[in-house]
Structures are given as C-alpha cells and as structure tokens.
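**Student:** For the record, the sequence lines run as chains G and A.
Letter by letter, the first sequence follows residues 176 to 484 of the numbering used here.
Letter by letter, the second sequence follows residues 176 to 484 of the numbering used here.
We treat Cβ as the ideally placed atom computed from N, Cα and C, and that holds for glycine.
Number of protein chains: 2
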Amino acid sequence: MIDAAGLRVMKAIADEGSFTGAALSLGYSQPAISQMVRRLEQRTGTVLVERVGRNVRLTEAGQVLARHAVAVLSALDAAEEEVAAIAGLRAGRVRLMAFPSSSATLVPRALALVKQRFPDVQVTFTEAEPPESLAALKAGECDLAVAFAYEGTDVGRGEEDMDLFVTHKLLDDEVRLALPRTHPLADRDGIELSALATENWIAGCPRCRGHLLQMCANEGFTPNVGFETEDYVAVLGLVAEGLGVALIPDLILRTANHHDVVTLPITPSSRRTISVVTTADLQRVPAVQATIDALCEAAKAKPRVLASN
Amino acid sequence: MIDAAGLRVMKAIADEGSFTGAALSLGYSQPAISQMVRRLEQRTGTVLVERVGRNVRLTEAGQVLARHAVAVLSALDAAEEEVAAIAGLRAGRVRLMAFPSSSATLVPRALALVKQRFPDVQVTFTEAEPPESLAALKAGECDLAVAFAYEGTDVGRGEEDMDLFVTHKLLDDEVRLALPRTHPLADRDGIELSALATENWIAGCPRCRGHLLQMCANEGFTPNVGFETEDYVAVLGLVAEGLGVALIPDLILRTANHHDVVTLPITPSSRRTISVVTTADLQRVPAVQATIDALCEAAKAKPRVLASN
DNA sequence: TGGCTTCGATAACTTTCGGTTATGATCGCC
DNA sequence: GGCGATCATAACCGAAAGTTATCGAAGCCA
Numbered sequence: 176m177i178d179a180a181g182l183r184v185m186k187a188i189a190d191e192g193s194f195t196g197a198a199l200s201l202g203y204s205q206p207a208i209s210q211m212v213r214r215l216e217q218r219t220g221t222v223l224v225e226r227v228g229r230n231v232r233l234t235e236a237g238q239v240l241a242r243h244a245v246a247v248l249s250a251l252d253a254a255e256e257e258v259a260a261i262a263g264l265r266a267g268r269v270r271l272m273a274f275p276s277s278s279a280t281l282v283p284r285a286l287a288l289v290k291q292r293f294p295d296v297q298v299t300f301t302e303a304e305p306p307e308s309l310a311a312l313k314a315g316e317c318d319l320a321v322a323f324a325y326e327g328t329d330v331g332r333g334e335e336d337m338d339l340f341v342t343h344k345l346l347d348d349e350v351r352l353a354l355p356r357t358h359p360l361a362d363r364d365g366i367e368l369s370a371l372a373t374e375n376w377i378a379g380c381p382r383c384r385g386h387l388l389q390m391c392a393n394e395g396f397t398p399n400v401g402f403e404t405e406d407y408v409a410v411l412g413l414v415a416e417g418l419g420v421a422l423i424p425d426l427i428l429r430t431a432n433h434h435d436v437v438t439l440p441i442t443p444s445s446r447r448t449i450s451v452v453t454t455a456d457l458q459r460v461p462a463v464q465a466t467i468d469a470l471c472e473a474a475k476a477k478p479r480v481l482a483s484n
Numbered sequence: 176m177i178d179a180a181g182l183r184v185m186k187a188i189a190d191e192g193s194f195t196g197a198a199l200s201l202g203y204s205q206p207a208i209s210q211m212v213r214r215l216e217q218r219t220g221t222v223l224v225e226r227v228g229r230n231v232r233l234t235e236a237g238q239v240l241a242r243h244a245v246a247v248l249s250a251l252d253a254a255e256e257e258v259a260a261i262a263g264l265r266a267g268r269v270r271l272m273a274f275p276s277s278s279a280t281l282v283p284r285a286l287a288l289v290k291q292r293f294p295d296v297q298v299t300f301t302e303a304e305p306p307e308s309l310a311a312l313k314a315g316e317c318d319l320a321v322a323f324a325y326e327g328t329d330v331g332r333g334e335e336d337m338d339l340f341v342t343h344k345l346l347d348d349e350v351r352l353a354l355p356r357t358h359p360l361a362d363r364d365g366i367e368l369s370a371l372a373t374e375n376w377i378a379g380c381p382r383c384r385g386h387l388l389q390m391c392a393n394e395g396f397t398p399n400v401g402f403e404t405e406d407y408v409a410v411l412g413l414v415a416e417g418l419g420v421a422l423i424p425d426l427i428l429r430t431a432n433h434h435d436v437v438t439l440p441i442t443p444s445s446r447r448t449i450s451v452v453t454t455a456d457l458q459r460v461p462a463v464q465a466t467i468d469a470l471c472e473a474a475k476a477k478p479r480v481l482a483s484n
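Following this line, the structure appears as structure tokens:
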C-alpha cells in the first residue's frame, strides 16, 4: 500500500517545506510530487498536507509518515549496503570443505591469499572427504568443495549429476609407491606395479583403497591388503616399520615424509586430479569466485614448493 | 534501488522455500516472482538465490535481504497503521484555540464528547482571543479556533482572507446590559441603549470595547468608559459595586453571575455569533471533523442549560 | 526406466502506474 | 495591479510490472 518512494517524498517535503523544493532535492519534476502526494492521500484516506497560501505544511498524518520515513529508508539503505558489501567483497562468507590432505598447504595458502586481498571475507573451512563434501555442496551446506578424482574417473566425481557442478582443476597429484628404505626395491628409480603382486599392502582412505584395487586388477592381481587407515602419517609409519608398501599421493609426501620411507614412481603411472567444485550459481558469488581464484593460484605456486623439497 | 515489494518477495521465498510458494502466499503468479528476483539480482549485481534441482535456496546475499525485509516491512506497517489510526480516529491530535468565555462550558462539553466517543483522540486546548487564534490557525499552530464576531462584521472574521477559512456557526450570543441591582433602571424588562448615554461604562476585551463604541456611535453618543478589563468576573464585580454598567454576552452570564447584578435585553438588540473556524484541508482530517461535530452538538445542547438557569 | 507431476524459466502481450511537458490558477510581493 | 513563484491539472508517453501460455527439467512413483 505505502511504498518507500512515497515515504521519501514525504520526508523531502518535510525537509524542504514545499513541493518544488522536494522535487528539486529528489530530482523529480514538481507535478510528480504533486500527484504522488495525492496518490498517497487517497491510498491512506487521509489528508497529508495542508495547502496554506502558496506553501504547504504537513498535517499530523503527514508528519507521521515523514517521521517513519527515516526508519524505513535507513533500514532499506542498510540492506542495500549490506548486499553491496557482499557484492563488493567487503563482506561475505564462504563455506569451504576440503579433504584432509589438501588442508595441509593448499587450503591454508589459499585462505591466506583471500584474507590478504579481502580481509572482510570470511572463509570457514571444514574437512571432508569428496563424497561428503559434494553431498554437502548439493545440500547447500557448503559453497565450495576441494575434491579429488583418480585418473579415469570423471574430474568432479564419477557420479551422475556432474553437470550440476562446476569444477576447476587445481593440480595433478602423482601417485607414488612408498616402501621401507630397507626394502630390496628401494634403490630403484621406478617400478612396475605388476612386480608388487606379492607385497603386503597398506590402504588409505576408502576411495584410495578402491583405486588401489582397481589398478592392481588392471595388472592382473589382487593386492594383499593388511592394513587400512585414513591417516597417511600412520600409513607412512606402517611402511617404515616394514609392514607393507602403499600407494601415496605426492601431495601428502610434501608435508609428511618419513626418513625410513622411500617413494618411487610407478608404472603404469597414476595420478589423481584435485579440483575445486561449486555450482554455477555459487560461482557467480564474488566471495566464492575470489576463493576459487585463490585456490587456483595456491595450486600453481605448489610445484616450486615441491621442487625445493 | 531496492523497493519494499522486492524485500517482501525475498522474505516470502525464504519462508516458503520456493518461488511457487512465495507466489501463492503473496497472491502473485509464479513468473512474477521469477522475474522479480531476476530484477533484484541485476539491480544489486549479486546472486540472490541458487537454483538447486527444482527448488531454490537463498544465497548469503539473499538471506541478508530476507532478514532486512522484516525490519523494513514492519517499519512500513507501523507507519501505515499509525496513519490508519489517525484516519480511523483511534489516534490523532487536535489543537484547539478558543476565546476565554467559550471555555467555560461550550468547549469542556465538546471535549468531553470527543473523549467519550474517541478516547484516543487528544484535543489540546489553548485560550486565545479571535485575532490571535485565527492568526495561529493561519500559521499552522492550531487546527481549530472557536471565535466570535459581532453582528454586522463577517462571521469568520471581518478581515480579508475569509475564504481561506471554513466556519461553522455554533450559536448566537445575545448581548445584554449588566447593571447594579440598585440601579434605577434595574427593574425594567429591557432598555434602549440610547437611554444610557450618561452612564459610566465598563468595557471588556478590546473587540468588545470596539463593539460597544460602535453601537453607541450608532445611537449618537460616545460612552464614558471608566474601566477596561478582559476578565468578565471583574466586570461583574465592578458593576455590582455600582461603578458602572456594561454590555455582557449572555454566554458569560450562564456561568458567572452576581447576585448584585441585573441583566436586561437592550434595544437595538445586539448579538455576537460564535463559530468554529478551520481550513478546508484540516476539516478533512477526521479528528478535526469529529471535534467540530462535538462543538456543534455542545452548542445545540446549550439553550437547555440556559433555560434551566 | 518411463511417464507424471511439479517447479522454475522464458516469451509475448497488456495494462497500469509513474513521470514529463505544457498550461492554468492562485498567492504573495513589489 | 503586474510579476514571480508555487501548486494543480491535463495530456501524453514510456517503462515497468504482472499475466497467460508454453517450455525445459527435476523428482517421484510405479
């Protein structure tokens, strides 16, 4: 019934004391004010201004509207400013989910980049493996997921609704064989997977275990998996103690290595692709886009860290 | 930029969880919501909803708008309600000015009527003689003036801008001669003004004094005015003490009389007209109209009071 | 897996509302 | 009494907002 424009006009009339002044201050023409007031009067069914001589004066009801105008308009301005802040990266919240081994350096580096560039954008971070993080993304519980997919399977995921998601590849993560320094094969430059059919194996996270089984099946054998743990530090410990060998992504080795463990490239080579995943809608949110950018840059900066290691 | 309708829509979407639901709850069609959201999005330059499957979910910016919506809309409702209260006589303030002798019974009775009918309408009351009250009305310092004009002069006033004002006649007030009970003429049923040329006169308010001089001039003499006071009780006291005679409006005699004073009709008869004056704009304000009505009714009820006196 | 239902997007049309220009009426002032 | 300023009114114009009709797609259910 009453709209903000009407209130703005009433306030301008109260401030300026005349229709003409109000028109000037609002950038309208004088008749616009005139009929705007008339509209308001017949909508409210009340006299809002009294025409006295060639000036006008607000009635009590008119003063009421003018008084409320400041409250309404300031609330409107506040809303506008707040979304403008989000649009202008002066505010905003990004809920990021990433799988554990990415949170070692890739994610912290990206978060630091975002914080440096847009100090008021808040990125919250939760660890989650790709299946859960993508489910959370779908459920609207996060805005961004850092996920990985092993070569062969699709980048975003191997699942059906890949077109719902938008993925940006961050980096390729080579899978290497980890074995004890004391192992007979430890001094080789590389090794064929098929030569490891009789080893005891240590498996990582469920997806990694699946990938291990898949690769071995391709080579014609079923690995003897003696241990399973999601903690790659534990995997390295187990390997170091000579309890078995493991396939470990290179990304993990950059931050956690063990002086009793040697890693070798394998044949056929295998890698996983690490990507950041979001939705088409969310990607258009500035803070989300900024976080994606930061992640991409953090990923590009990675190899140097690797080389120095 | 952002309008209340947009906020209302955002809130409805937040509440209903879908465009269709919002459309239903607001009485719009579904496409209306759809393009309303799109408009808002391109105005704010931000993504406000994410389309997930066949439902929608608000983004952070969208939630911000929905959250502010309640503040803005409630402020708007408050404004609307307040003017509706004024329009519906559940609120409102009337600033009434009346000349002193009208405040004895006429005004109190009218105020009581208003208070009984519309307990929440506040009538404030200030005493003022017609010249000042009408000036105040013109200056916007009051809404209603109870004024009087002596026969011959115009009802609203004798001045130029009578068409600015709207007047409602309340009652005619007969002017009577007040003289001491001991006066030789005190037992007459009436008296010619011309027979009083040699009396000592006591004059009331400036306008009354002017009227006295005018009447006497019409009868061919100039009254010998020994006292002037605006306080009619004082006039009666002076008359009672035999210090002179006076012309006193009947309205005053209804509330203030003196057992040593006798009043008589005079010839030529004279009366003043008591009216309530406002402006055309203010008359359309419900509370003002209600007060006018109450004054008219209070004036009609008057004669009975007089008769019983 | 294939229809059925439902939901959002889009297009095209219509109407109403809000605004401007032009003009008139009136007031206050010189 | 004329002049300048102010509000009101009329006529006109355009944009914006809402509607109907239709499409595409998603989820649901058998």
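1. Leucine 352 of chain A by DSSP, collapsed to three states: which one?
2. Per the DSSP calculation, serine 369 of chain A is bridged to which residue(s)?
3. Go to proline 294 of chain A, then tell me how far its beta strand (DSSP E) extends in each direction, as first and last residue.
4. Between the Cα of alanine 465 of chain A and the Cα atoms of A:Ile441, A:Pro294 and A:Ala353, which residue gives the shortest distance?
5. Just to confirm my understanding: we take glutamate 405 of chain A, look at its own chain, exclude 5 residues before and 5 after, and list those with CB closer than 7 Å. What are they?
6. Whose C-alpha, out of G:Val451, G:Pro206 and G:Val227, is nearest the C-alpha of threonine 342 of chain G?
7. I'd like to know if histidine 243 of chain A contacts chain G, where contact means its C-beta is closer than 7 Å to some C-beta of that chain.
8. Report the partner residues of alanine 421 of chain A according to the DSSP bridge assignment.
9. In chain order, what residues of the same chain lie with their CB nearer than 7 Å to the CB of tyrosine 407 of chain A, ignoring the 5 residues before and after it?
10. Show which residues of chain G have a CB atom less than 7 Å away from the CB atom of methionine 176 of chain A.
11. Quick check: what's the CA-CA separation for alanine 187 of chain A versus alanine 250 of chain A?
12. Anyone know if the C-beta pair for threonine 301 of chain A and methionine 272 of chain A falls short of 7 Å?
13. Pop quiz: alanine 179 of chain G and alanine 179 of chain A are said to be a contact at Cβ under 8 Å. What is the actual Cβ separation, rounded to whole angstroms?
14. My guess is that threonine 438 of chain G and alanine 353 of chain G are in contact by the Cβ rule of under 8 Å, so how many angstroms apart are they, rounded?
15. My output table needs one value for threonine 219 of chain A: the three-state DSSP class, helix, strand or coil.
16. Would you kindly check if the distance between the Cβ of glutamine 205 of chain G and the Cβ of threonine 195 of chain G is under 7 Å?
17. What is the residue span of the alpha helix (DSSP H) that arginine 183 of chain G lies within?
18. What residues from chain A crowd round leucine 457 of chain G, counting only those whose CB sits closer than 8 Å?
19. Along chain A, in chain order, which residues have C-beta atoms closer than 8 Å to that of lysine 214 of chain G?
20. Counting only the same chain and skipping the five closest in sequence on each side, list residues whose C-beta sits under 6 Å from that of tyrosine 325 of chain G.
21. When we look at the beta-carbon of histidine 434 of chain A and count the other beta-carbons within 10 Å, is it buried (16 or more) or exposed?
22. For arginine 229 of chain A, which of helix, strand or coil comes out of DSSP?
23. To which residues does DSSP link methionine 272 of chain G through a beta bridge?
24. For the segment 440-465 of chain A, list the alpha helix (DSSP H) runs that are entirely contained and at least 4 residues long, ordered along the chain.
25. Are the CB atoms of glycine 419 of chain G and glycine 401 of chain G within a distance shorter than 7 Å?
26. According to DSSP, is phenylalanine 194 of chain G part of a helix, a strand, or is it coil?
27. Report all residues from its chain with a CB closer than 8 Å to the CB of alanine 320 of chain G; omit the five preceding and five following residues, and keep chain order.
28. Does chain A have any CB closer than 7 Å to the CB of isoleucine 261 of chain G?
29. Please check the pair valine 247 of chain A and alanine 254 of chain G, which I expect to be a contact at CB under 8 Å, by giving their CB distance rounded to whole angstroms.
30. Kindly say whether threonine 466 of chain A, judged by its beta-carbon, lies nearer than 7 Å to any beta-carbon of chain G.
31. Quick check on DSSP: helix, strand or coil for tyrosine 325 of chain G?
32. Starting from glycine 500 of chain A, find everything on chain G with Cβ-Cβ shorter than 8 Å and list it in chain order.
33. Measure the C-alpha to C-alpha separation of glutamate 416 of chain A and glutamate 374 of chain A and round it to an integer number of angstroms.
34. Please compile the residues from chain G whose C-beta is within a distance smaller than 7 Å of the C-beta of leucine 240 of chain A.
35. Could you round the C-beta distance between methionine 222 of chain A and aspartate 456 of chain G to whole angstroms and report it? I think they count as a contact, below 8 Å.
36. Alpha carbon to alpha carbon, how far is valine 231 of chain G from proline 461 of chain A? Give it in angstroms, no decimals.
**Tutor:** On the basis of the coordinates in this document:
1. As a position in the second sequence, residue 352 of chain A is number 177, starting the count at 1. Strand, per DSSP.
2. Translated into positions along the second sequence, residue 369 of chain A becomes position 194. In DSSP, serine 369 of chain A forms no bridge with anything.
3. Translated into positions along the second sequence, residue 294 of chain A becomes position 119. Where proline 294 of chain A is concerned, there is no enclosing beta strand (DSSP E), given that its DSSP letter is neither H nor E.
4. Residue numbering aside, residue 465 of chain A sits at position 290 when the second sequence is read from its first letter. It is A:Pro294.
5. Numbered from its first residue, the second sequence carries residue 405 of chain A at position 230. Contacts found: Gly379 and Cys380.
6. One-based indexing of the first sequence puts residue 342 of chain G at position 167. Comparing Cα positions, the closest option is G:Val451.
7. One-based indexing of the second sequence puts residue 243 of chain A at position 68. Answer yes: the Cβ-Cβ gap between histidine 243 of chain A and chain G drops below 7 Å somewhere.
8. Position 246 of the second sequence, counted from the first residue, corresponds to residue 421 of chain A. The partner list for alanine 421 of chain A (beta bridge, DSSP) reads A:Ala353.
9. Against the second sequence, residue 407 of chain A aligns to sequence position 232. Ser276, Gly379, Ile423, Ile427 and Ala431, listed in sequence order.
10. Residue mapping note: residue 176 of chain A aligns to position 1 of the second sequence, counting from 1. Under the 7 Å cutoff, chain G gives Glu255.
11. Here residue 187 of chain A refers to the residue found at position 12 when the second sequence is read from its first residue. Here residue 250 of chain A refers to the residue found at position 75 when the second sequence is read from its first residue. In a straight line, the C-alpha of alanine 187 of chain A is about 17 Å away from that of alanine 250 of chain A.
12. Numbered from its first residue, the second sequence carries residue 301 of chain A at position 126. Numbered from its first residue, the second sequence carries residue 272 of chain A at position 97. In contact: threonine 301 of chain A and methionine 272 of chain A (Cβ atoms closer than 7 Å).
13. Translated into positions along the first sequence, residue 179 of chain G becomes position 4. Translated into positions along the second sequence, residue 179 of chain A becomes position 4. Alanine 179 of chain G to alanine 179 of chain A, Cβ: 5 Å. Contact.
14. Residue 438 of chain G sits at position 263 when you count from the first residue of the first sequence. Residue 353 of chain G sits at position 178 when you count from the first residue of the first sequence. Threonine 438 of chain G to alanine 353 of chain G, Cβ: 5 Å. Contact.
15. For the purposes of this step, residue 219 of chain A is identified with residue 44 of the second sequence, where counting begins at 1. Helix.
16. Reading the first sequence from its first residue, position 20 is the one you call residue 195 of chain G. Reading the first sequence from its first residue, position 30 is the one you call residue 205 of chain G. Contact: yes.
17. One-based indexing of the first sequence puts residue 183 of chain G at position 8. Start and end: 179-191.
18. Locating residue 457 of chain G in the first sequence gives position 282, where the first residue counts as 1. The answer, in chain order, is Val222, Glu225 and Thr234.
19. Taking the first sequence and counting its residues from 1, the one referred to as residue 214 of chain G is at position 39. Note that residue 214 of chain G corresponds to arginine in the displayed sequence, not to lysine. Those within 8 Å of arginine 214 of chain G in chain A number zero; the least Cβ separation is about 14 Å.
20. Translated into the one-based positions of the first sequence, residue 325 of chain G becomes position 150. His386 and Arg447, listed in sequence order.
21. Within the second sequence, the letter at position 259 stands for residue 434 of chain A. By the 10 Å Cβ count, histidine 434 of chain A comes out exposed.
22. By one-based count along the second sequence, residue 229 of chain A stands at place 54. Coil.
23. For the purposes of this step, residue 272 of chain G is taken as the residue at position 97 of the first sequence. Methionine 272 of chain G is bridged to G:Thr301 and G:Ala320.
24. 455-458
25. Here residue 401 of chain G corresponds to residue number 226 of the first sequence, with the count starting at 1. Here residue 419 of chain G corresponds to residue number 244 of the first sequence, with the count starting at 1. Yes, they are a contact pair.
26. Locating residue 194 of chain G in the first sequence gives position 19, where the first residue counts as 1. Helix.
27. Sequence index remark: in the first sequence, residue 320 of chain G carries index 145 (1-based). The residues are Leu271, Met272, Ala273, Ala303, Pro305, Ser308, Leu309, Ala311, Leu312, Val451, Val452 and Thr453.
28. In the first sequence, counting from the first residue as 1, residue 261 of chain G sits at position 86. With 7 Å as the cut-off, isoleucine 261 of chain G counts as an interface residue toward chain A.
29. Within the second sequence, residue 247 of chain A is the residue found at index 72, counting from 1. Within the first sequence, residue 254 of chain G is the residue found at index 79, counting from 1. Going by Cβ atoms, the distance from valine 247 of chain A to alanine 254 of chain G rounds to 7 Å, so yes, they are a contact pair.
30. As a working mapping, residue 466 of chain A is identified with position 291 in the second sequence. Threonine 466 of chain A does not count as touching chain G.
31. For the purposes of this step, residue 325 of chain G is identified with residue 150 of the first sequence, where counting begins at 1. Of the three classes helix, strand and coil, the one that applies to tyrosine 325 of chain G here is strand, per DSSP.
32. Absent from the model: residue 500 of chain A. The displayed extent of chain A is 176 to 484, so no value can be given.
33. Indexing the second sequence from 1 puts residue 416 of chain A at position 241. Indexing the second sequence from 1 puts residue 374 of chain A at position 199. Each residue's alpha carbon lies about 14 Å from the other.
34. Counting from 1 along the second sequence, the entry for residue 240 of chain A is found at position 65. Going along chain G in sequence order, the residues near leucine 240 of chain A (Cβ under 7 Å) are Ala254 and Val258.
35. Residue numbering aside, residue 222 of chain A sits at position 47 when the second sequence is read from its first letter. Residue numbering aside, residue 456 of chain G sits at position 281 when the first sequence is read from its first letter. According to the sequence shown, residue 222 of chain A is valine rather than methionine. Confirmed, Cβ separation roughly 6 Å.
36. In the second sequence, counting from the first residue as 1, residue 461 of chain A sits at position 286. In the first sequence, counting from the first residue as 1, residue 231 of chain G sits at position 56. Approximately 19 Å, taken between the alpha carbons.
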